[in-house]
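Position in the sequence shown (first residue = 1) + 11 = my numbering. Positions of the beta carbon are idealized from the N, C-alpha and C atoms, including for glycine. Predicted model, so just to flag it, every value in this text is computed and none were measured.
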Amino acid sequence: MDATALDDLPAQLQERVVCSITAAMQYRLPANILLAVAEKEGGRPGQWVKNRNGTHDVGAMQFNTRYLAELQRYGITAGDVAAPGCYPFELAAWRLSQHIRNDSGDLWTRVANYHSRTPGYNAVYRSDLMRRAARWADWLEARFVTREAGRTPAQVPRDTRPLQVSER
C-alpha cells in the first residue's frame with residue numbers, strides 16, 4: 012500500500028484504513044464495505060460500550076459480546092477483540108464474510124446484519140452504511156490504481172480532495 016495515499020487522513024484514522032483494507036483483502040471483501048463498517052462502528056482499542064440489552068460492544072470494530080462464545084471455540088478472547096492493531100479488523104472481516112455467505116437478503120442487508128438482524132435497526136444501519144461505502148469507494152478509486160486482469164488501466168484524473176470522515 013502506498014503510504015502517500017493516507018496523507019490526507021488524520022493519523023488516528025490511518026491504522027483503521029490500513030487494517031480495514033488488509034483484512035478486506037484477506038477475506039475477499041470489498042474494501043469500501045469494511046471501511047464503511049469500521050467508520051460506522053467508530054470504536055477504539057480497549058473500548059467497551061454497554062448496550063441496553065446488557066451486552067457490550069468491544070474494541071475498534073465494536074464486536075458484540077454475544078459473539079464471543081462462538082469465537083472462544085477458536086481460542087479468541089475478549090482481550091483479542093479489544094486489542095489494538097489489525098486483528099480486530101480481521102475478526103470483523105471474518106464475521107462479515109460469514110454474514111455475506113450464510114445470511115439471507117441482498118448484500119447490504121447481509122452486511123448490516125453485523126449490527127442487527129432486527130429489520131428496523133438493520134434498515135437504518137444499512138442506509139447509512141451504503142452512503143459511507145459509496146464515499147469510501149470514491150476515496151479508494153481516487154488513490155489506488157485497480158485493473159481487471161489482462162487489461163491496462165486507463166489514465167484517468169484522480170480526485171485527491173481529502174475525505175471527510177466522521178468519528179462516529
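- Can you check whether the CB of residue 123 is closer than 7 Å to the CB of residue 136? Translated into positions along the sequence shown, residue 136 becomes position 125. Translated into positions along the sequence shown, residue 123 becomes position 112. Yes, these two residues count as a Cβ contact at 7 Å.
- Leaving aside the five residues before and after residue 31 along the sequence, list all residues of the same chain whose C-beta is less than 6 Å from its C-beta, in chain order. Position 20 of the sequence shown, counting from 1, holds the residue named residue 31. Answer for residue 31: 45, 46, 49, 100, listed in chain order.
- Query: Would you report the Cα separation of residue 67 and residue 88, rounded to the nearest angstrom?
  - Reply: Along the sequence shown, one-based indexing puts residue 67 at 56. Along the sequence shown, one-based indexing puts residue 88 at 77. Those two C-alpha atoms are separated by around 14 Å.
- Message: Quick check on DSSP: helix, strand or coil for residue 74?
- Response: Within the sequence shown, numbered from 1, the residue matching residue 74 stands at position 63. Of the three classes helix, strand and coil, the one that applies to residue 74 here is strand, per DSSP.
- Query: Cα separation between residue 81 and residue 96?
  - Reply: Position 70 of the sequence shown, counting from 1, holds the residue named residue 81. Position 85 of the sequence shown, counting from 1, holds the residue named residue 96. Straight-line Cα distance between these residues: approximately 21 Å.
- Item | residue 23, buried or exposed, once every other Cβ within 10 Å from all chains shown has been counted against 16 | Position 12 of the sequence shown, counted from the start, is the residue given in the question as residue 23. Residue 23 comes out exposed.
- Message: My parser needs the alpha helix (DSSP H) runs of 4 or more residues fully inside the segment 94-141; what are they?
- Response: 98-113, 118-123
- Message: Taking the beta carbon of residue 54 as the centre, do at least 16 other beta carbons fall within 10 Å, making it buried, or is it exposed?
- Response: Taking the sequence shown and counting its residues from 1, the one referred to as residue 54 is at position 43. Result: buried.
- Query: Under three-state DSSP, which class holds residue 68?
  - Reply: Within the sequence shown, residue 68 is the residue found at index 57, counting from 1. If DSSP states are grouped into helix, strand and coil, residue 68 belongs with the strands.
- Which two residues bound the contiguous alpha helix (DSSP H) that contains residue 48? Here the question's residue 48 lines up with position 37 in the sequence shown. From DSSP, the alpha helix (DSSP H) with residue 48 extends over 42-52.
- Query: How is residue 29 classed by DSSP in three states: helix, strand or coil?
  - Reply: As a working note, residue 29 is residue 18 in the sequence shown. Looking at residue 29 - three-state DSSP - the assignment turns out to be helix.
- Message: In this structure, how does DSSP classify residue 92 when only helix, strand and coil are distinguished?
- Response: As a first step, residue 92 must be located in the sequence shown, where it is residue number 81. If DSSP states are grouped into helix, strand and coil, residue 92 belongs with the helices.
- Message: Could you give the first and the last residue of the continuous beta strand (DSSP E) run that contains residue 60?
- Response: As a position in the sequence shown, residue 60 is number 49, starting the count at 1. That run of the beta strand (DSSP E) goes 59-61.
- Using only alpha-carbon positions, find the residue among 129, 78, 117 that is nearest to residue 105. The residue labelled residue 105 in the question sits at position 94 within the sequence shown. When only C-alpha atoms are compared, the closest one is 78.
- Task: Decide if residue 180 is buried, meaning its Cβ has at least 16 other Cβ atoms within 10 Å, or exposed.
- Result: What is shown of the chain runs 12 to 179, which leaves residue 180 out entirely.
- Message: Here's the rule: buried if 16 or more other CB atoms are within 10 angstroms of the residue's CB, otherwise exposed. What is residue 85?
- Response: Start at 1 with the first residue of the sequence shown, and residue 85 comes out as number 74. The residue is exposed, with fewer than 16 neighbouring Cβ atoms inside 10 Å.
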